[in-house]
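Q: According to the working numbering, numbering within the first sequence proceeds without interruption in unit steps and concludes at 211.
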Amino acid sequence: MKIPQSFYLGTDVVAISKALLGKYLFTSINGIISGGYIVEAEAYNGAVDKASHAYDNRRTPRTEVMFREGGIAYVYLCYGIHEMLNIVTSTEGHAQAILIRAIHPTDGIDLIMERRKMEKLKSNITAGPGSVAKALGIDRRLNGHSLESDVLWLEDRGLNFRDEQIAAVPRIGVDYAGEDALLPYRFYVKGDPYVSKPNK
DNA sequence: TCGTCGATCTACT
DNA sequence: GTAGATCGACGAG
């Protein structure tokens with residue numbers, strides 16, 4: 012069943028990030044469904060987080076969707092090449108978001124391989140935020156889009172991980188954020204082959 | 001207006 | 001291991 016909007020309205024983005032592990036993420040593009048369950052996510056805590064695009068409540072055309080009410084997608088372009096999917100959380104005016112860094116694919120594998128131009132299923136097919144977006148056909152057209160729609164949505168299928176199966180470590184690629192770069196805001200499922208590279 | 005750098009990935013040496 | 005792709009936000013001039 013689809014996850015209701017109330018799930019995204021919580022104000023503790025770090026706790027929600029952890030809770031997202033094991034939730035299923037799907038897209039239906041041109042009538043074909045693809046997706047899988049989330050195995051890696053990072054929290055970005057809005058105004059007080061130097062690593063966030065919305066640090067100090069910085070509003071630009073790009074960050075505007077993060078200030079909206081939770082339950083929508085924030086998709087932006089990084090390095091001029093890669094689209095990144097984020098889940099916007101919290102209430103209106105609070106720019107919190109969760110970067111989806113890796114999923115464990117379960118549905119539409121053929122389509123995912125086609126989008127990624129891979130002949131065989133390798134574990135890096137949906138490892139890393141740019142890879143996830145490409146694999147599921149997500150791009151900036153979905154920016155600001157509801158997560159309860161028929162194109163993009165999350166489901167709870169009762170898959171849960173125990174605390175000892177989940178690692179909490181510093182985020183990737185945010186060295187510019189000073190002391191905030193050290194916060195343990197990256198969560199992943201230990202041992203899952205689809206977790207992105209830096210995975211000890 | 002220009003130059004720099006970024007929540008990255010791939011291909012090639 | 002490192003270069004190249006190449007857009008949006010930012011700060012300097």
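Backbone N, C-alpha and C define an ideal beta-carbon position, used for all residues, glycine too.
Computed from a prediction, not measured in an experiment: that's the story for all the values here.
Would F78 pass as a contact of L163 if the rule is Cβ separation under 9 Å?
A: no
Q: Identify every run of the beta strand (DSSP E) within the stretch 31-71, keeping only runs that are complete inside it and at least 3 residues long; order them along the chain.
A: 35-40, 43-56
Q: Pull up the distance between the alpha-carbon of K13 and that of E166, whole angstroms please.
A: Looking at the two C-alpha atoms, the distance is approximately 4 Å.
Q: Using a Cβ-Cβ cutoff of less than 7 Å, which residues in the same chain neighbour A52 once the five nearest sequence positions on both sides are dropped?
A: S28, L31, L32, I109, L110, I111, R112, F198
Q: Can you tell me whether E159 is helix, strand or coil according to DSSP?
A: strand
Q: Do you know whose CA, among A188, P15, I49, G189, lies nearest D118's CA?
A: Distances from the CA of D118 to each of A188, P15, I49, G189 were compared; the closest alpha carbon is that of I49.
Q: Going by DSSP, which residues form a beta bridge with K13?
A: DSSP lists E166 as partners of K13.
Q: Take every Cβ of the stretch 14-24, pair it with every Cβ of the stretch 119-136, and state whether three or more of those distances are shorter than 8 Å.
A: no
Q: Among all the DSSP beta bridges, which residues are the ones paired with T100?
A: Secondary-structure assignment with DSSP links T100 through a beta bridge to Q107.
Q: Can you tell me where the alpha helix (DSSP H) with I120 in it begins and where it stops?
A: 120-127
Q: Quick check on the DSSP output: the alpha helix (DSSP H) that includes A144 runs from which residue to which?
A: DSSP places A144 in the uninterrupted alpha helix (DSSP H) bounded by 140-147.
Q: Check this for me: beta carbons of I83 and S157, under 9 Å apart or not?
A: yes
Q: Please report the residue range of the beta strand (DSSP E) in which V200 lies.
A: 197-200
Q: Decide yes or no for the touch test of the stretch 133-142 against the stretch 54-61: beta carbon pairs closer than 8 Å, at least 3 of them.
A: no
Q: Taking its Cβ as the centre, do 16 or more other Cβ atoms sit within 10 Å of R168, making it buried, or is it exposed?
A: Burial call: exposed.
Q: What did DSSP end up calling L88 once you bin it into helix, strand or coil?
A: strand
Q: Where does K133 land, buried or exposed, given buried means 16+ other C-beta within 10 angstroms?
A: exposed
Q: In three-state DSSP terms, what is E175?
A: Correct three-state label for E175: helix.
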